[in-house]
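Residue 196 is where the sequence shown starts when you use our numbering, and the numbers rise one by one after that. Don't be surprised by glycine CBs; every beta carbon is placed ideally from N, CA and C. Quick caveat, the model's predicted, so the values are computed rather than measured.
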Amino acid sequence: TVAATTHEAAPAALDLIRVAYEPLKSFASAEDAVEHPEPRIHDYGDTGNLHKLIDLEFGDADAGIAEGDVVREDLFFFEGNTHLPMEQHAAVAMWSPLPDGKLTLWSSTQTPHYVHRALAKVLELPPARIRVIATPNGGGFGGKSDPFNHEIAVAKLAMITGRPAKITLTREEVFYCHRGRHPTLMWVRTGVKKDGSITGMHFRSLLDGGAYGSYGVASTYYTGALQTVTYNIPRYHFQGARAFTNKAPCGPKRGHGTPQPRFALEVHVDKIAEQLGLDPAELRLKTLVPPNSLTANYLRIGSMGLGQCIEKVVEGSQWKRKFRKLPNGRGVGLACSSYISGAGLPIYWNNMPHSGVQLKCDRGGGVTVFCGSTDIGQGSDSILAYIVAEVLGVDPFDIAVVTADTDLTPVDLGSYSSRVTLMSGNAALQAAERARQILALHAGKKLEVQADRLTFADGRVFDAQEPKRGMTFAEAVQLAEAAEGTIGTVGSYTPPRSAGKYRGAGVGPSPAYSYSACVAEVDVDPETGIVRVPTIWIAHDVGRSINAAAVIGQVEGSIYMGLGEALMEEMTYRGDLKVVHKIPSLLEYKSPTTLEMCDVITYLIEDPDPNGPFGAKEVGQGPLLPVMPAVANAVYDAVGVRVDEVPITPEKVLKALRKKAKGEAARFGPETFPEIPWREPTRVPTPWEGGDGKAVSLQKV
Numbered sequence: 196t197v198a199a200t201t202h203e204a205a206p207a208a209l210d211l212i213r214v215a216y217e218p219l220k221s222f223a224s225a226e227d228a229v230e231h232p233e234p235r236i237h238d239y240g241d242t243g244n245l246h247k248l249i250d251l252e253f254g255d256a257d258a259g260i261a262e263g264d265v266v267r268e269d270l271f272f273f274e275g276n277t278h279l280p281m282e283q284h285a286a287v288a289m290w291s292p293l294p295d296g297k298l299t300l301w302s303s304t305q306t307p308h309y310v311h312r313a314l315a316k317v318l319e320l321p322p323a324r325i326r327v328i329a330t331p332n333g334g335g336f337g338g339k340s341d342p343f344n345h346e347i348a349v350a351k352l353a354m355i356t357g358r359p360a361k362i363t364l365t366r367e368e369v370f371y372c373h374r375g376r377h378p379t380l381m382w383v384r385t386g387v388k389k390d391g392s393i394t395g396m397h398f399r400s401l402l403d404g405g406a407y408g409s410y411g412v413a414s415t416y417y418t419g420a421l422q423t424v425t426y427n428i429p430r431y432h433f434q435g436a437r438a439f440t441n442k443a444p445c446g447p448k449r450g451h452g453t454p455q456p457r458f459a460l461e462v463h464v465d466k467i468a469e470q471l472g473l474d475p476a477e478l479r480l481k482t483l484v485p486p487n488s489l490t491a492n493y494l495r496i497g498s499m500g501l502g503q504c505i506e507k508v509v510e511g512s513q514w515k516r517k518f519r520k521l522p523n524g525r526g527v528g529l530a531c532s533s534y535i536s537g538a539g540l541p542i543y544w545n546n547m548p549h550s551g552v553q554l555k556c557d558r559g560g561g562v563t564v565f566c567g568s569t570d571i572g573q574g575s576d577s578i579l580a581y582i583v584a585e586v587l588g589v590d591p592f593d594i595a596v597v598t599a600d601t602d603l604t605p606v607d608l609g610s611y612s613s614r615v616t617l618m619s620g621n622a623a624l625q626a627a628e629r630a631r632q633i634l635a636l637h638a639g640k641k642l643e644v645q646a647d648r649l650t651f652a653d654g655r656v657f658d659a660q661e662p663k664r665g666m667t668f669a670e671a672v673q674l675a676e677a678a679e680g681t682i683g684t685v686g687s688y689t690p691p692r693s694a695g696k697y698r699g700a701g702v703g704p705s706p707a708y709s710y711s712a713c714v715a716e717v718d719v720d721p722e723t724g725i726v727r728v729p730t731i732w733i734a735h736d737v738g739r740s741i742n743a744a745a746v747i748g749q750v751e752g753s754i755y756m757g758l759g760e761a762l763m764e765e766m767t768y769r770g771d772l773k774v775v776h777k778i779p780s781l782l783e784y785k786s787p788t789t790l791e792m793c794d795v796i797t798y799l800i801e802d803p804d805p806n807g808p809f810g811a812k813e814v815g816q817g818p819l820l821p822v823m824p825a826v827a828n829a830v831y832d833a834v835g836v837r838v839d840e841v842p843i844t845p846e847k848v849l850k851a852l853r854k855k856a857k858g859e860a861a862r863f864g865p866e867t868f869p870e871i872p873w874r875e876p877t878r879v880p881t882p883w884e885g886g887d888g889k890a891v892s893l894q895k896v
């Protein structure tokens, strides 16, 4: 590591360093890592170069599949891609000399609490001597969820030198930090009745994890966990594996392990519909998981507005008039998705709340909200203000929001897994309701009105039956402060416990699941293979929209990112070893511009969920998931070829068209799934088999 006071001195010092490298065997793909367990990239992991092996079976999946009138088997591949934030990773550290001995770190992070924990552990400092401030982020999308080595290094550098230190990664370094989408190979076999109802499913995934673990174990579980929360799957077998390779490490990117299997499942369902002679929209509507139910793998479903989403996009896109009826080269495709509103477990095991809020009421009528959550462009700070303003009846502009500072705010686990609106929002709701109770008590005494008759609105506290009888919000605070002292309240939120008791049950449970349905219309040029997407119709079940403009912005941002993943974005590698990044720059890495962005017609479906603040559910990640399979299904409708992997590039379309012209299978995609040394499966009886969420011994099966 080189530190310098000028930009010129640092590279000059680097030029003086000479390093001799000993070439070792490299692994450029997950299949390569499976085939060669030695030499090991890391000495941790389940076996050889396989970081994680998962084998979970809920009921007898093979027997369920055999009950189907049709059994279908497919292979899919989802190429890795990166977050591409406008802002690179950067951190500044300052060390206060002894006796204070306090470290302050400013970082473009999504998870200041986790960075704080990592600094305390690695630097061996008391947590109370460390302050982490998450600066406003120029994009994160999951790429700034890990505690990174540059954050540790810059902190140690400040401690050694006694001077402020800064590290800003170059764009190429951001590409190598990565933590983006895992390249994933998937195999799925499903049994269905003639009416489209699913009798059983077996799903396998192989993830290329790159060089390090990151959140890879959770990502591996997520490739299997959420298959059951859209369509009713009575018996389900999931096998997942994550391999170490000598490439940029993969981790959480918008959707965190769920876009890949959603692509596979939605194209698979489309193929099943065609095989059965059913309309893909009608098949999906017939097989939806019921609201307020328990899935085969013990995920609790609450509100479930996917049916309304499907109906809305089918009507808006004129699906029935277009599907299989447009001229050659034009087509429409449908896909659906679901996502969590926050994960059921924190990254490190504890029984403490996942979010906390402190509220301070000022005698001048202002309110300050303190919360450890991080706004990464999704508008979470404003959501906290709206929730508190709604409860206390004040203008949101009278709410001051202080977030993302470990010295000033209570712990919030961070901005990931679409958790902030529901979890931090519920904590803010609780704190605001407690403040309202205190204010109502003393305002009621002054007005000689029962507290439960008081209304808080328009900056006033007044009798609901006689609205003219009241006072300003500021006067209510002054009365309460005179009686009790400074008015401050707290709120916290812990999600409900998982219904599953088996190992791995902690990944997938959520207080609420959001749902999306999407129809994409495409133009495909048979001569060049170029795919254009003029319009997408999307409906999202957000529970209840707290700010409709912000929700629509998140939906349309998901469409933009989804188009990139569907048509062009990929992490590609070069050289004899295929482990050196080929295009680590914004000039070469292909991502949509305004010229490639399509028209978007957005429908917000409001099906309030009792677990969310005012019924709200997530919107940050769910609407991304159906875009890729909807485009793939539309390409098939347009030119009659299946591209069973993303990105769907012109070369792949042309290869599939040439195969079609020769009378061969009109498909481009993976052909084989490697033999993986799966471990003994964990068997869990389903809820309707009398299971209690616990695994059973194989002898009892």
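In the DSSP assignment, Ala-286 forms a beta bridge with Ser-302 and Ile-362.
Contact between the region 521-529 and the region 825-841 is present: 3 or more CB-CB pairs across the two stretches fall below 8 Å. When beta bridges are read from the DSSP output, Cys-713 appears opposite Ala-530 and Ile-733.
Contact between Asn-332 and Glu-282 holds, since their C-beta atoms are separated by about 7 Å, short of 8 Å. For the options Val-746, Thr-730, Glu-840 and Gln-513, the alpha carbon positioned closest to that of Val-737 is the one of Val-746. For Leu-799 and Gly-386, the gap between their C-alpha atoms comes out near 33 Å. The Cβ atoms of Arg-437 and His-231 do not sit closer than 8 Å to each other.
A direct Cα-to-Cα measurement between Ser-488 and Lys-481 gives close to 16 Å.
For Thr-616, there is no enclosing beta strand (DSSP E), since its DSSP letter is neither H nor E. As DSSP reads the structure, Gly-683 sits in a beta bridge with Lys-555.
In this structure, DSSP gives Ile-582 a helical state, which the three-state scheme calls helix. Segment contact: the region 644-651 against the region 548-568, fewer than three CB-CB distances shorter than 8 Å; contact not assigned. In the assembly as shown, Ser-780 is an exposed residue. Its beta-carbon has fewer than 16 other beta-carbons within 10 Å. In this structure, Gly-411 keeps its C-beta atom at 8 Å or more from the C-beta atom of His-373. Looking at Asp-771, Val-702 and Met-766, the one whose alpha-carbon comes closest to that of Glu-783 is Met-766. CA-CA distance, Lys-696 to Ala-538, rounds to 16 Å. The criterion of a C-beta distance shorter than 8 Å is not satisfied by Ser-568 and Ser-687. Cβ atoms of Gln-422 and Tyr-416 stay farther apart than 8 Å, at about 12 Å.
Residues of the same chain with a CB within less than 6 Å of the CB of Ile-347, apart from the 5 flanking positions on each side, are Val-317 in chain order. Under DSSP, His-776 takes part in a beta bridge, and its partners are Tyr-768.
From the listed residues Val-383, Glu-217, Tyr-543 and Arg-878, the smallest Cα separation to Leu-270 is found for Val-383.
Comparing alpha carbon positions, the residue from Gly-334, Asn-344, Gly-337 and Gly-335 closest to His-311 is Asn-344.
Cβ-Cβ distances below 8 Å link Pro-307 to Val-327, Ile-328, Ala-329, Gly-567, Thr-569, Ala-599, Asp-600, Thr-601 and Gly-609 in the same chain, with the five nearest sequence neighbours on each side left out; the list follows chain order. Close CB contacts of Ala-860 within its chain, under the 7 Å cut and outside five residues either way in sequence, are with Lys-854 (chain order). Beyond the five residues adjoining it in sequence on each side, Ile-594 comes within less than 7 Å, by CB distance, of Val-562, Val-564, Ala-580, Val-583 and Ala-584 in the same chain, given in chain order.
With fewer than 16 other beta carbons inside 10 angstroms of its own, Trp-873 counts as exposed. Of the candidates Tyr-534, Glu-661 and Val-719, Tyr-534 places its Cα closest to the Cα of Tyr-611. In this structure, the beta-carbon distance from Pro-865 to Phe-272 falls below 8 Å.
CA-to-CA, the gap between Gly-770 and Glu-760 works out to about 24 Å.
DSSP, reduced to helix, strand and coil, places Ile-725 outside both helices and strands of the structure shown, so it counts as coil. DSSP places Val-795 within a strand segment (E or B) once states are collapsed to three. Scanning Pro-541, Thr-616 and Ala-659 for the CA closest to the CA of Asp-804 turns up Thr-616. DSSP, reduced to helix, strand and coil, places Ile-633 within a helical segment of the structure shown. A straight-line Cα-Cα distance of about 6 Å links Asp-250 and Thr-877.
Counting along the chain, the unbroken alpha helix (DSSP H) around Leu-852 starts and ends at 845-856.
DSSP links Phe-271 through a beta bridge to Met-381.
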